[in-house]
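S.K.: Structure provided below as C-alpha cells; questions to follow.
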Amino acid sequence: MPDLMNGSIVFEPALPEHLGNVTATQYLGEGGKGVLKIKVNKERNNMSLSTNGIKDDLNVTIKARIPCSLKNESIDKLRVKINGENVTFEVKNRVFGRVLEIKSVLSDSKPIQLEIYRVGEEQLNDGIKDNPPVLKENVENTYTIRGGFKNYLDLKDKFYDADGDRMNFSILYTTNLSFYLHEGILEYWADANVTLVGEILINCSSNVSYTHWHVVVYSYANRAPKISYIVPIDGDRYEDGDSVFFMCSVLDPDGDSYSVSWYRYENGRKFAFGDDCSFTKSVGVGKYSLEIVAEDELGAFSYGNTTFEVVSKNAKEDLQSYSQYGYVLVFLVTLVICGIFGCYFILRRLRTRRQKGQQPRSQEGKEGNQGLEVAQAAHGLETKQKRN
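Residue numbers (this note's numbering): 8 to 395.
Take a look at the structure:
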C-alpha cells in the first residue's frame, strides 16, 4: 500500500492477519482540523492486539499526508494530537507532497483520533458543520474498462454535496494508470490485462471539507467483432438489372454494439458502398471487390472481403450459346475419336482371324507331300523286286 495517501494508513510493522480488518475514515472540518479515526475490528471479543502471539499494545508508525490547507505551513507551526494528547512527529518530503510520520501505540481499547492543526487553532470551532460530499445513490466506485483505450469519468456526476459547495477534484495516487484531470473530468489510459487502483480527493470550498473516493478499475483487452459470413459469396455472378442482396454476419465476443461499413475498391481507389449489416442494391455491369469493416463502440475492428461480377444480358446469352456450341464440338470430337478406335479394333480382329485360317492349309500340304513321297518309294521298291 502506498504511503502517500491522504486518509490511508501504513502500519509498521504490518498488522498480523489474525487480528482482523482495519478500517480508517478521514475528513477535515470543525475549524480546519484533520481527523483520522482508526478502528480495529477483531474476529473475537475480549482479545487485545498481539504480535507473535504475545498480547500487547502494538507500536506502529502512522504515515499520513499533510492536508492541503496546511501544506504551506512551517513545521514549527504544526501540531499533532492523538486522542487529545500532543505527540511528536516528523515531516518527510515526497513527490506527492509533505508527509507526517508519527510514532504511536495502537490498542484495541479505543480508536485512534489524529488531529493536525496550526498553532493557536486548537479550540477554533465556529459551530458550523460542513457536510462532505457523498456518492449519489446507485453510483458505484468500481468500474470495468477495456485496456488499450482512453476512458473518461465525469466525477461531478458521481457526488452530491448537501451544502452546495463547489467540489475540486485531485488524484492522490494511482497504480498502473496514466491520467489527466481537468474540471472534474478524469481521462485515463489503461493497458490491457492490468488492475488499476486510484484514490480521488474531493475538496469543498466551504470550511475546507474533504472526502475520499477509492476507485478500483479492472481492465482487460477489448476484442474486435468477428465477421463470419458474407453475401455475395466470393466469385458470384449476377445479370445486369438484378437487385443484389448484400449481407454479413457479425458477432462481438464482448457484447459491444458495433457498426458495419462496406467499401468498394476500383482502380486503387476506395469508395463507400454501404453502411448496414444487410441491404439490397442495384449495381451496374463490372467486377466488384468489396471490403467489409465491423467496428465496435471502443474502436476495435475487423475486416472481411468478397468479390462478384455483374454481366449484361447479351453477354450472358452469348455465353450460353458459346456453351452450347462447345458441348456440340466436344461431342463431335468424342465421336471421331471413338470411330477411329473402333475401326482400329475391327481391322485388328480381321487380321487375327485371317492368320488363324491360313495355318491349317499349309500343314495339310506338308502332310500330302510326305504321303506322295512314301508311295513313290514303295512303288520303286516293288519294281526293283520284280526285276530281280
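From the three backbone atoms N, C-alpha and C, an ideal C-beta is built for every residue, glycine too. Owing to the predicted nature of the structure, the values given are computational and were not obtained by experimental measurement.
1) Would you mind sorting Y245 into buried or exposed? The rule is 16 or more other CB atoms within 10 Å of its CB.
2) According to DSSP, simplified to helix, strand and coil, what is K143?
3) Sort R230, V94 and W269 by Cα distance to V238 and report the nearest one.
4) Alpha carbons only, please: which of D83, D243 and S309 is nearest the one belonging to S266?
5) Does DSSP classify R230 as helix, strand or coil?
6) Would the segment 335-344 count as touching the segment 300-317 if we require 3 or more Cβ pairs under 8 angstroms?
7) Where DSSP assigns a beta bridge to E302, which residues make up the other side?
8) Pull up the CB-CB distance for L305 and N229, whole angstroms please, since I reckon it's below 8 angstroms.
9) Tell me whether the segment 347-354 and the segment 274-290 touch, counting them as touching only if at least three CB pairs, one residue from each stretch, are closer than 8 angstroms.
10) Should F397 be labelled buried (16 or more other beta-carbon atoms within 10 Å of its own) or exposed?
11) Helix, strand or coil for C255? Go by DSSP, reduced to three states.
12) What does the alpha-carbon distance come out to for the pair V290 and F253?
13) What does the Cβ neighbour count give for T313, buried or exposed, with the cut at 16 atoms within 10 Å?
14) In angstroms with no decimal places, state the Cα-to-Cα distance between Y167 and P139.
15) Short check: CB of S235 to CB of S256, under 7 angstroms?
16) Near D241, which residues of its chain fall below 6 angstroms by C-beta distance, leaving aside the five closest residues on each side in sequence?
17) Any idea what DSSP makes of G242, helix, strand or coil?
18) Taking DSSP as the reference, what is the three-state secondary structure of D161?
19) Going by beta carbon distance, what residues of the same chain come within less than 6 angstroms of A231, once the five residues before and after it are set aside?
20) If you run the structure through DSSP and keep just helix, strand and coil, what is G291?
21) Considering just the uninterrupted stretch of the beta strand (DSSP E) at A279, what are its terminal residues?
22) In this structure, what does DSSP give as the bridge partners for Y187?
23) Out of F278, D282 and K288, which has the shortest C-alpha to C-alpha gap to S296?
24) Here's a check: name, in chain order, each residue in its chain whose Cβ is nearer than 8 angstroms to the Cβ of S250, leaving out the five neighbours to either side.
25) Do you know how far the Cα of K110 is from the Cα of E92?
26) Just to confirm before moving on: does the CB-CB distance between D259 and D303 stay below 7 angstroms?
M.R.: Based on what the coordinates show:
1) buried
2) coil
3) Closest option to V238, Cα to Cα, is W269.
4) S309
5) coil
6) With a cut-off of 8 angstroms, the segment 300-317 and the segment 335-344 do not count as touching, because too few Cβ pairs lie within range.
7) As DSSP reads the structure, E302 sits in a beta bridge with S266 and F308.
8) 5 angstroms
9) Counting C-beta pairs closer than 8 angstroms gives fewer than three between the segment 347-354 and the segment 274-290, which falls short of the contact rule.
10) Since the first and last residues shown for the chain are 8 and 395, residue 397 lies out of range.
11) strand
12) 11 angstroms
13) buried
14) Across the structure, Y167 and P139 are spaced so that their CA atoms are roughly 9 angstroms apart.
15) yes
16) T313 and T314
17) coil
18) strand
19) A307, F308 and S309
20) coil
21) R276 to G281
22) E194
23) F278
24) T287, K288 and S289
25) Approximately 13 angstroms between the Cα atoms of the pair.
26) yes
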